[in-house]
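Colleague:
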Amino acid sequence: MSGTGAAGHGLHFLTGGGAMGRMIRDHDWAATPLGSPEGWPPALRAALSICLGATIPTAIYWGPELRLLYNDAWAPIPAERHPWALGRPAREVWSDIWHVVGPQFGRAMDAGEGFTTYDQMLPMERGGAVRETYWNYSFTPIRDDDGTVVGVFNQGNETTTRILTERALRQSEERLALALAAANSVGIWDWDVRADVVTTDARFARLYGVEPAPTGANAPLKDFFARIHPDDAARVESALAEALRSGDEFAEEYRLLAPDGSVRWVAAQGRCTLAEDGTPLRFPGITLDITRRRQTEEALREGEARLRAITDSIDHMVWSTRPDGFHDYFNQRWYDFTGVTPGTTDGGGWMGLFHPDDHERTRVAWAHSLSTGEPYRIEYRLRHRSGAWRWVLGRAQPVRDADGRIVRWYGTCTDIQDIVDAREVLARSREDLERQIEARTQELMRAEEAMRQLQKMEAVGQLTGGIAHDFNNMLAVVLGGLSLMERRLARGDTDVGRYLEGAKDGALRAAALTQRLLAFSRQQPLAPEPLDANRLVTGMTELLTRTLGEHIRVETVLSAGLWRIHADASQLENAVLNLSVNARDAMPAGGRLTIETANAHMDDRYAAEHAIPAGQYVLIAVSDTGTGMEPAVAARAFDPFFTTKSVGRGTGLGLSQVFGFVRQSGGHVKIYSEVGVGTTVKLYLPRFYGTAQPAAVRRAAPPPGLGHPSEVVLVVEDDDRVRAWSVEALRELGYTVLHAANGPEALTRLQAGQAIDLLFTDVVMPDMTGRELADRALALLPDLKVLFTTGYTRNAIVHNGMLDPGTNFLPKPFSLDQLAAKVRSVLDG
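Its first residue numbered 6, the sequence shown is counted upward by one per residue in this note's numbering.
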């Protein structure tokens, strides 16, 4: 309501009051316990009229809830709570300091007693933080006509700035007093020049041998001058007279004589205050006891003299520089050797004595030492006083302070011309021998290279022959079966099941051979996970017992506290199974198979010998009590296609596959064998330090589930026949299948809005790899599932031999059951 309106309705007590008056008139009081201002009691009207008319910070707290009203001068007190605080209960407004002001309000309201406090500390929240504030304020009870206390009249002001300023001043004075007390060698004096009275502290008085007074040593200046050393008195008096005349600073160092005859050095500093006519008035200052500093300086001078005497007496040329490399000291030996005038080689003048061919490399070496702090060492030619060039060895070391900063460089130059001459004689006699050694070395290197090439060709021949032999056998089965099926089907005979099974078996054996070759060459993609080797071995025990037969007794020796490893669980299980089957074949009459686990450590020497990192490993050892092997046979046990078994009983790739897998996993394999005793193969896999938990022991997978027509799979494959087979296979499994011959074609389908559930893509394709296609497809469909396939991939989805994290992968070739199981697991995952 307006001021005129207030007057017109009998609300004269709300007239005026500045900004807060308008705010109170415009406030919706009907929504508060106070109700409309027309109904406010006389006591509230009178108090509020006084409040709004006051020029000092004034507030009214009214009613049982102490509802708040205040004037313009009081508005800054609540800071950011203004104007929200208007009409609010005091407990809400001052919730942060209620533990202090609450009892004070209670005293005024309940006991009806007035209350005043000065410099009261209130931990008030301001600007989002609790701050220390100080206040002078009073609480005065407001009574109605029958004497009942109905509110509190509050006036006050903030004293925080004054309190904190006074506190800072006291702390500063205390620190000054403590500093002066700690520095017992500092004295303060104040000379009233006109009265010739010197007022000092006790330290100054004791320093000058004057008896200190309780409130300061008040004595004429001559009493203090009496202690100045006679040789210094005239100089000090002259300097003091000049300071009294000009008002310039007085700063002198001089000696004081103690009654016992001892001498102390002091440094006095002060400045005289002059009247407008130049008359000296007051002369305050300080005096410091610098006896120790003077003694140190004297000791340094004596030390420098002794050092120069020592350095001048040795054969080496000694020099020193500042931290920036500025030469400022050479001993006498330098001048004797070079014949230059003292001082002419200071700074950078010394470089002028270097041989022109050595000048630049010497400058670069010195600059490097200055910039890095590394020791300086170089041989160069220096001009002798005779004019001849002589070889010298220059060396220098930096000197650092407690903080590691270089404060000086100290160096020497040593005449090594005789040593250089001797080296040249030795070098000439050594050249012939070195030439002969070099020629012989070249011959040996050529012979070794020819031998390595021969061994390489033998290895390639063995590998190629093994691959050709096994693949030809397998392809013979495949082609023979297909040919027989073709002839029978042409005659209308459908009894071709055994030929079909034979062809499938041959193809699967060929695929297995490919995987073993990849494992041997460390090119198979691995999917490592944290593993507990004890749990893995325990989970395989039943399988091994069934596989090896009743005549083989399987035992496990599992170490407690075994570290975890990070490896491909399937490949590790295959490795243990391979070793166990080999052990069984070495025990035709039966025996004992022992699988042992333990923590192990590879020291630096052993690790270097076997090209593996030193450190902690987990050991899995498979031992048998079989026939054992000769050393020559054991040495070739890991070679591909090498086998001691009879024809048709092994490919010779089992141990090579184990070796390739373990090395690709960052581990090491070692074989121990003795004829008639048995064989032990030890697998060392690196300890895993990660936080992931070991995977649970895998159970046998359930039969692969079928798909549903509502599930859409996009097949991307550049090989027409493989694409056609994959499409038909997925449709056979019940999925709705789309297909594309390359990445751009597949991407066009997706950009057109084609909805799919699974992208089944080859990795190695022209124009766009499967990895690139998947990345762009996921940008369009973030929830899309992706399954990669390939016969061989090097770095698209595999890095350092490991599948990229989160990658779903199905290696080629794959069977219908393998395809069904993998697609189902990816879609359901």
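Don't be surprised by glycine CBs; every beta carbon is placed ideally from N, CA and C.
What are the complete beta strand (DSSP E) segments, minimum 3 residues, inside the stretch 663–703?
Modeller: 673–679 and 683–691
Colleague: How is Leu-738 classed by DSSP in three states: helix, strand or coil?
Modeller: Residue numbering aside, residue 738 sits at position 733 when the sequence shown is read from its first letter. Leu-738: coil per DSSP, three-state reduction.
Colleague: By DSSP's criteria, Tyr-259 is part of a beta bridge. Which residues make up the other side?
Modeller: Here residue 259 refers to the residue found at position 254 of the sequence shown. According to DSSP, Tyr-259 bridges with Val-271.
Colleague: In angstroms with no decimal places, state the Cα-to-Cα distance between Cys-418 and Val-397.
Modeller: Translated into positions along the sequence shown, residue 418 becomes position 413. Translated into positions along the sequence shown, residue 397 becomes position 392. Roughly 6 Å between the two C-alpha positions.
Colleague: Out of Leu-57, Arg-93 and Arg-386, point me to the one whose CA is closest to Ala-24's CA.
Modeller: Your numbering for residue 24 matches position 19 in the sequence shown. Checked all of Leu-57, Arg-93 and Arg-386; the closest Cα to Ala-24 is Leu-57.
Colleague: List, from N- to C-terminal side, the alpha helix (DSSP H) runs of 4 residues or more that fit wholly inside the stretch 56–119.
Modeller: 95–98 and 103–115
Colleague: How many Å lie between Asn-141 and Thr-205 at the Cα?
Modeller: Locating residue 141 in the sequence shown gives position 136, where the first residue counts as 1. Locating residue 205 in the sequence shown gives position 200, where the first residue counts as 1. Cα to Cα, Asn-141 sits roughly 40 Å from Thr-205.
Colleague: Can you tell me the Cα-Cα spacing of Thr-630 and Leu-660, whole angstroms?
Modeller: Counting from one through the sequence shown, the residue named residue 630 turns up at place 625. Counting from one through the sequence shown, the residue named residue 660 turns up at place 655. Approximately 18 Å between the Cα atoms of the pair.
Colleague: Give the secondary structure of Tyr-213 by DSSP, where H, G and I count as helix, E and B as strand, and everything else as coil.
Modeller: Residue numbering aside, residue 213 sits at position 208 when the sequence shown is read from its first letter. Residue state, collapsed to three classes: coil.
Colleague: Check this for me: beta carbons of Arg-386 and His-364, under 7 Å apart or not?
Modeller: Your numbering for residue 386 matches position 381 in the sequence shown. Your numbering for residue 364 matches position 359 in the sequence shown. No.
Colleague: Any chance you could list the alpha helix (DSSP H) runs of at least 4 consecutive residues sitting entirely within the stretch 725–791, in chain order?
Modeller: 725–737, 748–756 and 775–785
Colleague: Report the residue from Val-727, Ala-826 and Arg-829 whose alpha carbon sits nearest the alpha carbon of Pro-818.
Modeller: Your numbering for residue 818 matches position 813 in the sequence shown. With distances taken between Cα atoms, Pro-818 lies closest to Val-727.
Colleague: List in chain order: all unbroken beta strand (DSSP E) runs of 3+ residues lying wholly within the stretch 542–594.
Modeller: Secondary structure remark: continuous beta strand (DSSP E) runs of at least 3 residues inside the stretch 542–594, in chain order: 557–562 and 570–572.
Colleague: Assign Asn-223 to one of three DSSP states: helix, strand, or coil.
Modeller: Within the sequence shown, the letter at position 218 stands for residue 223. Of the three classes helix, strand and coil, the one that applies to Asn-223 here is coil, per DSSP.
Colleague: Name the residue from Gln-756, Glu-750, Phe-793 and Ala-224 whose alpha carbon lies nearest to the alpha carbon of Thr-766.
Modeller: In the sequence shown, counting from the first residue as 1, residue 766 sits at position 761. Nearest C-alpha to Thr-766: Phe-793.
Colleague: Run through the DSSP bridge pairs and tell me what Tyr-415 is partnered with.
Modeller: Position 410 of the sequence shown holds residue 415. In DSSP, Tyr-415 forms a bridge with Ser-325 and Gln-402.
Colleague: Going by beta carbon distance, what residues of the same chain come within less than 7 Å of Trp-371, once the five residues before and after it are set aside?
Modeller: Your numbering for residue 371 matches position 366 in the sequence shown. Result list for Trp-371: Gly-330 and Tyr-381, in chain order.
Colleague: Are Trp-355 and His-373 closer than 7 Å when you measure CB to CB?
Modeller: Position 350 of the sequence shown holds residue 355. Position 368 of the sequence shown holds residue 373. The beta carbons of Trp-355 and His-373 sit no closer together than 7 Å.
Colleague: What does a CB cutoff of less than 6 Å around Leu-505 pick up in its chain, not counting 5 residues either side in sequence?
Modeller: In the sequence shown, the residue the question calls residue 505 occupies position 500. Hits under 6 Å: none found.
Colleague: Identify whether Arg-172 lies in helix, strand or coil by the three-state DSSP scheme.
Modeller: As a position in the sequence shown, residue 172 is number 167, starting the count at 1. Correct three-state label for Arg-172: helix.
Colleague: Output the distance between the C-alpha atoms of Leu-785 and Tyr-611, rounded to the nearest integer angstrom.
Modeller: Walking along the sequence shown from the start, residue 785 turns up at place 780. Walking along the sequence shown from the start, residue 611 turns up at place 606. Near 52 Å, if we compare the C-alpha coordinates of Tyr-611 and Leu-785.
Colleague: Whose CA, out of Lys-687, Ile-193 and Val-106, lies closest to the CA of Val-627?
Modeller: Counted from its first residue, the sequence shown places residue 627 at position 622. Ranking the options by Cα distance to Val-627, first place goes to Lys-687.
Colleague: So if DSSP puts Tyr-622 in a beta bridge, which residue, or which two residues, is it bridged to?
Modeller: Working through the sequence shown from its first residue, we reach residue 622 at position 617. Tyr-622 pairs with Ala-605 and Pro-691.
Colleague: What does a CB cutoff of less than 8 Å around Leu-783 pick up in its chain, not counting 5 residues either side in sequence?
Modeller: Position 778 of the sequence shown, counting from 1, holds the residue named residue 783. Leu-789 and Val-791, listed in sequence order.
Colleague: DSSP three-state call for Ser-661: helix, strand or coil?
Modeller: Within the sequence shown, numbered from 1, the residue matching residue 661 stands at position 656. Note: Ser-661 maps to helix in three-state DSSP.
Colleague: Within 10 angstroms of its Cβ, does Ser-391 collect 16 or more other Cβ (buried), or is it exposed?
Modeller: In the sequence shown, the residue the question calls residue 391 occupies position 386. By the Cβ neighbour-count rule, Ser-391 is exposed, with fewer than 16 other Cβ atoms within 10 Å of its own.
Colleague: Provide the residue(s) that pair with Ser-143 in DSSP beta bridges, ordered along the chain.
Modeller: Reading the sequence shown from its first residue, position 138 is the one you call residue 143. Note: Ser-143 sits in a beta bridge opposite Thr-121 and Gln-160.
Colleague: Would you mind sorting Ile-424 into buried or exposed? The rule is 16 or more other CB atoms within 10 Å of its CB.
Modeller: What you label residue 424 is simply residue 419 of the sequence shown in a count that begins at 1. When all chains shown are included, Ile-424 counts as exposed.
Colleague: Do Val-742 and Val-718 have their CB atoms nearer than 7 Å?
Modeller: Taking the first residue of the sequence shown as position 1, residue 742 is located at position 737. Taking the first residue of the sequence shown as position 1, residue 718 is located at position 713. Yes; because the gap between Cβ atoms is below 7 Å, this pair is in contact.
Colleague: Can you list the beta strand (DSSP E) stretches of 3 or more residues lying completely in the stretch 280–343, in chain order?
Modeller: 285–294, 322–326 and 332–335
Colleague: Count the other C-beta atoms from every protein chain shown that fall within 10 angstroms of the C-beta of Glu-722, then say buried if there are 16 or more, exposed otherwise.
Modeller: Your numbering for residue 722 matches position 717 in the sequence shown. It counts as buried.
Colleague: Counting C-beta neighbours from all protein chains within 10 Å, is the total for Gly-409 16 or more, i.e. buried, or is it exposed?
Modeller: As a position in the sequence shown, residue 409 is number 404, starting the count at 1. Exposed, since its Cβ has fewer than 16 Cβ neighbours within 10 Å.
Colleague: Considering only DSSP beta bridges, list what Gly-192 is partnered with.
Modeller: Counting from 1 along the sequence shown, the entry for residue 192 is found at position 187. In the DSSP output, where bridge partners are listed per residue, Gly-192 has Thr-292.
Colleague: Rounded to whole angstroms, how far is the Cβ of Pro-2 from the Cβ of Gly-416, which I believe are closer than 8 Å?
Modeller: For the chain, the structure presents residues 6 to 834; residue 2 sits outside this window and is missing.
Colleague: Are there 16 or more other CB atoms within 10 angstroms of the CB of Met-126, so buried, or fewer, so exposed?
Modeller: Reading the sequence shown from its first residue, position 121 is the one you call residue 126. When all chains shown are included, Met-126 counts as exposed.
Colleague: What residue does the beta strand (DSSP E) around Ile-383 start on, and which one ends it?
Modeller: Counted from its first residue, the sequence shown places residue 383 at position 378. 381–388 is the span of the beta strand (DSSP E), which, as asked, contains Ile-383.
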